[in-house]
Each structure stands twice: as structure tokens, then as C-alpha cells.
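Residue numbers (the working numbering): -6 to 276.
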């Protein structure tokens, strides 16, 4: 059965979609069967996976509102080596149309139960808000990957999201846990980055991924080509980081031993001198 993970943060612009697309591609490259579920009406994860959101016959909207089966919607020939449940602007109407529908928060979970044996990982890209779509993701998921920048405003948002996860777990989905906290747009030369990173380790011991995602030009460019970064520039720092993250997630879920601490890409805090000496790739 699939491990279902929601990529979430109530704050926008923190790298949720970038993480969802590139983690899906990296897990697929590791020979895992992966389904990406785009729950954001913007459809950025769909487009970033090489699927034209305007050309699909069905989308996640049809699954949630009309009960169209997953296998009638899924796109299996996306360019990243994984399957995609696409989204587009139609999804904005789902919340209104589901008002008064019994069990509306369980629509996604019920649909995924029919196909979870076909995949090893199901990744859900959540919208940057707490609404019915995000609630559907949290009810369907077993774990939440929180993507966040290392800044103080992000810490405030993290507190609110943790409270939401706790309430959903208590009321609807007792198996829901925080899978991990992923530090994105990471710049170790910034003292604030290191300060916030240290606070995360202090307050969320064992939940902070060793892998960090650096600020990276190639990561920003790849979506405009409809490709995960590993297929746009496999040697970029962004590509290497997401491959490392995929390896860390696989080890956590399959019980393998963690890597040695000499991999700078997985260290929680590192000085600018060390990071620049260890990796000369500025892209």
C-alpha cells in the first residue's frame, strides 16, 4: 500500500509545489511507483509535470465533486516518470459545490483507497490556505511534509499549521503525523537562516529533514519547461538536493540506516565556508 504524504504550508511561496514535483520525480528515479495529486486550483504542479492543465478531459474537480474514479483521470505519461492527478481552475468551485455534502472532507481519501495498492508513494500538493481542499489532503494523508523557509514569519505559520494538524488528527484522521519539516530556499550564509534552523531542531527534534533545499536558479527555471529539475539540469544543486531528500524519505519509511554526517546536503546547519568549499556549483 502507498505511503500518502501531503506537502503543506498555509503560507504561500515556500516551495510546496516545487517540492511535490521534484520529490515525485526523484522517488520515481529511485524505482518507486509515484502518484502526484494536484489539489491547488492554480494547477502549477500539473504544468510543472509536463501536463497541460487546459487540455485534460477530467481533473481532481471531477473526482471530488462528481465521483469520477481516479483511473479515469490519472495521466500516466507525464514527463517525470510518475503519474499525475491534474488540477485546473475548475477546482475553485469544488468547495462551494460540496457544501452540505455528507463526508465532503473524506472525498479524496475514499477515492485514493481504490488505487493505493498501485503505488508506493502518493504525494498531495496542497493549496496555500486552510480550506476544504487542504482538509481533504490532511484526511487522506498519513504524514505531512511541511515545506518552509528559515525566517521568523515562517515560524509563526508553522505554529498555526501544527495546531491544524493536531486538530485534524484528533477529530478525523488519528493516523496523521508530521512526516518531516523541510527547509527550502536555504542560504547558510545568512545568520537568520542558521538561527531559525537551530530553533527548528530544538523544538521539533527528529522531525527536521537533514536534507536542505538551496536557493537555486535551475529550480526556478525548470517549471517553465514543464520538467522536474532533474530532467532540466540533473547536475544542479537543486536536483542533487531533491534526490538526497528522496533517499532520506525512503530510508525513513523502509528502515534503512541513515547516511554518514559528512554529506553537507543533509547537515542541518553548516558554515558558509564549508558549504562553498564542498560544492562549487553555483547553479
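Beta carbons are placed, not taken as given, at the ideal position from N, Cα and C, and that holds for glycine.
Taking a cut-off of 8 Å for Cβ pairs, the segment 141 to 150 and the segment 110 to 122 do not touch, as fewer than three such pairs fall below it. With at least 16 other beta carbons inside 10 angstroms of its own, residue 142 counts as buried. With a threshold of 16 other beta carbon atoms within 10 Å, residue 160 falls short and is exposed. With respect to the 8 Å criterion, residue 140 and residue 2 are classified as neighbours on the basis of their beta carbons. Under the DSSP assignment, residue 212 falls in the alpha helix (DSSP H) whose first and last residues are 210 to 214. Non-local beta-carbon contacts of residue 205 in its own chain, meaning distances under 6 Å to residues more than five positions away in sequence, involve 176, 179 in chain order. Taking a cut-off of 8 Å on C-beta distances, the segment 70 to 84 touches the segment 212 to 228, as three or more cross pairs fall below it. Using a 10 angstroms sphere on the CB of residue 98, the tally of other CB atoms reaches 16 or more, which defines it as buried. Counting C-beta atoms within 10 angstroms of its own C-beta, residue -6 has fewer than 16 neighbours from the protein chains shown and is therefore classed as exposed. For residue 26, there is no enclosing beta strand (DSSP E), as DSSP marks it with neither H nor E. Secondary structure at residue 136: strand, using DSSP grouped into helix, strand and coil. In the structure shown, the three-state DSSP call for residue 172 is strand. With contacts defined by Cβ atoms closer than 8 Å, residue 9 and residue 0 form a contacting pair. When the five nearest sequence neighbours on each side are left out, the beta carbons in the same chain lying within less than 6 Å of the beta carbon of residue 30 are those of 78, 117, in order along the chain.
Burial of residue 41 is indicated by the presence of at least 16 other C-beta atoms within 10 angstroms of its C-beta.
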